[in-house]
Amino acid sequence: MKGEEKERFVKHSILSATILIAAGVILSLPEAAFATSWKEVSELSQTAITKARAGQLDDAARTVIEATRMRQALPKNLPSSDRSNTDGFASSQLESAFVEVANVYAQKSRWADLITFCKWHIGDAGHLNTVGVVTAWTQMGEAYRALNGLPEAEKCYKTAMAAYDSGRSSMSAAEIDQCKKMFPGYARVLKLQNKTAEAQSVTAKFAR
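Under our numbering, the sequence shown is numbered contiguously, ending at residue 243.
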């Protein structure tokens, strides 16, 4: 194995081990309590947001996971005459909680934890809207960039852009604007790999 290849292998191994340790912390959650209404899921999502803003990040992440499992256990045809007590509203609250926790992980440079949380959300949450998908993949892209995993970062951003393109027609103008603000990191990742033309193309795409 050449010196450069060996260095990349060692970096990737360390990165993988770090993420695995983070997964053990965040995902070590007992079985969720039983919920009887969508409103309980929404309220728990708000609790997660409050915890994240108070700096209780791991607890906030576990609360999002708990709320998700509670939602998944509820029957889909649960009757409700209250608009705030529906699966749709609960799902939107969960998305907001996920985005809040992910953003605070990024602000605190908790990169391995952020990757773990985003991977869980993509693989297990089962309620992703386009904003949630784009948030998860772009945040993972930024985390991998910070950890010098540029090829992984590029793959994440590329997946995020595909999700944005496919879901754009069903998003509101505010959601489109929210997603556009998540992509400056993609151009940075490409520039760091000397892919100047591709970086310029990405910058132009999201400037429109």
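Every residue gets a Cβ at the ideal spot worked out from N, C-alpha and C, and that includes glycine.
A distance below 6 angstroms between beta-carbons, with the five flanking residues on each side excluded, links A195 to the following residues of its chain, in chain order: V169, W172 and T173. Within the same chain, Cβ atoms closer than 6 angstroms to the Cβ of A178 are found at W146, L149 and I150, the five residues on either side in sequence being excluded.
Inclusion of V76 and R97 in the CB contact set at 8 angstroms is not warranted, their separation being larger than that value.
The beta strand (DSSP E) runs lying completely inside the stretch 93-179 and spanning 3 residues or more number zero. Counting C-beta pairs closer than 8 angstroms gives fewer than three between the stretch 188-202 and the stretch 128-142, which falls short of the contact rule. For the options A232, I211 and K226, the alpha carbon positioned closest to that of F241 is the one of I211. In the DSSP assignment, S77 falls within the alpha helix (DSSP H) that extends over W73 to R88.
The beta carbon of E187 lies closer than 6 angstroms to those of Y179 in the same chain, with the five residues before and after it left out. The stretch 199-209 and the stretch 224-238 do not touch, with fewer than 3 CB-CB distances between them shorter than 8 angstroms. Of G176, S204 and S72, the smallest CA-CA separation from S126 is found for S72. For the pair Q81 and A132, the Cα-to-Cα distance works out to about 7 angstroms. Per the coordinates, the alpha-carbon of Q128 lies some 17 angstroms from the alpha-carbon of W155.
For M196, the uninterrupted alpha helix (DSSP H) segment begins and ends at L185 to G202. In the three-state DSSP reduction, F218 falls in the coil class, being neither helix nor strand.
Within the model, the alpha-carbon separation for M217 versus R243 is close to 14 angstroms. Where S205 is concerned, there is no enclosing alpha helix (DSSP H), because DSSP gives it neither an H nor an E.
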